[in-house]
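Residue numbers (the working numbering): 83 to 226.
C-beta atoms are modelled at their ideal positions from N, C-alpha and C, and glycine is treated no differently.
If you're wondering where the values come from, they're calculated on a predicted model, not measured in any experiment.
The block underneath contains the structure these notes are about, expressed in structure tokens.
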Amino acid sequence: MGTLRAAAGRLAGLVRRPGRSRPRTLVYAPQLDGRADPGEVVWTWVAYEDDPARGKDRPVLVIGREGAVLLGLMLSSQDDRDGQPHWLALGAGAWDNEARPSWVRLDRVLRMAETGIRREGAVLDRGRFDLVARALRRGGYGWR
83 MGTLRAAAGR LAGLVRRPGR SRPRTLVYAP QLDGRADPGE VVWTWVAYED
133 DPARGKDRPV LVIGREGAVL LGLMLSSQDD RDGQPHWLAL GAGAWDNEAR
183 PSWVRLDRVL RMAETGIRRE GAVLDRGRFD LVARALRRGG YGWR
């Protein structure tokens with residue numbers, strides 16, 4: 083488990099990989115009901131990896147929930163992510179106002195307090211969520 087940061091009532095943390103003895107289960111369950119659910123892309127503050135005291139608001143794909151704590155994977159629109167290890171191409175989505183293609187980072191699982199979510203950005207379609215789920219299950223990231 084990585085660092086945790088509490089700021090303005092939110093929790094931002096990092097879990098590199100779920101443990102092999104307790105793998106996490108992926109379930110697609112978006113419901114536009116005001117709560118963030120697996121399969122939805124939300125915006126929240128994410129710490130920089132090299133300086134956890136700093137960060138920025140960015141889109142995050144929700145992939146799980148542990149009570150009021152959400153598990154997510156950050157998205158990036160930087161095209162140099164294409165082909166990099168641990169990054170998977172998602173394409174464009176409603177979470178980006180400029181309709182730029184995005185990539186999702188598979189090896190950095192974020193823990194987020196539900197109260198720290200800024201807004202719902204979009205629902206990732208089932209096909210692309212399943213693509214992410216397959217990559218997480220097959221890539222040795224500790225998901226089932």
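Roughly how many angstroms lie between the CA atoms of P120 and E196, to the nearest whole one?
-> Your numbering for residue 120 matches position 38 in the sequence shown. Your numbering for residue 196 matches position 114 in the sequence shown. Distance from the CA of P120 to the CA of E196, rounded to the nearest whole angstrom, comes to 12 Å.
Figure out for me which residue from E202, R216, M194 and A204 has the closest Cα to the Cα of W127.
-> In the sequence shown, the residue the question calls residue 127 occupies position 45. Closest in alpha carbon position to W127, among E202, R216, M194 and A204, is M194.
Distance CB(L143)-CB(V214) smaller than 8 Å | One-based indexing of the sequence shown puts residue 143 at position 61. One-based indexing of the sequence shown puts residue 214 at position 132. In this structure, the beta-carbon distance from L143 to V214 falls below 8 Å.
Identify, in the order they occur along the chain, each residue of the same chain with its Cβ nearer than 6 Å to the Cβ of P112, setting aside the five sequence neighbours on each side.
-> On the sequence shown, residue 112 is found 30 positions in, with the first residue counted as 1. Closer than 6 Å at the Cβ level, and outside the excluded window around P112, lie D119, G121, E122 and V205.
Helix, strand or coil for T126 per DSSP?
-> As a working mapping, residue 126 is identified with position 44 in the sequence shown. Looking at T126 - three-state DSSP - the assignment turns out to be strand.
For F211, does the three-state DSSP call read helix, strand or coil?
-> Working through the sequence shown from its first residue, we reach residue 211 at position 129. Looking at F211 - three-state DSSP - the assignment turns out to be helix.
Beta-carbon contacts of Y130 that lie in its chain and below 7 Å, excluding the five residues immediately before and after | As a first step, residue 130 must be located in the sequence shown, where it is residue number 48. Answer for Y130: R136 and G137, listed in chain order.
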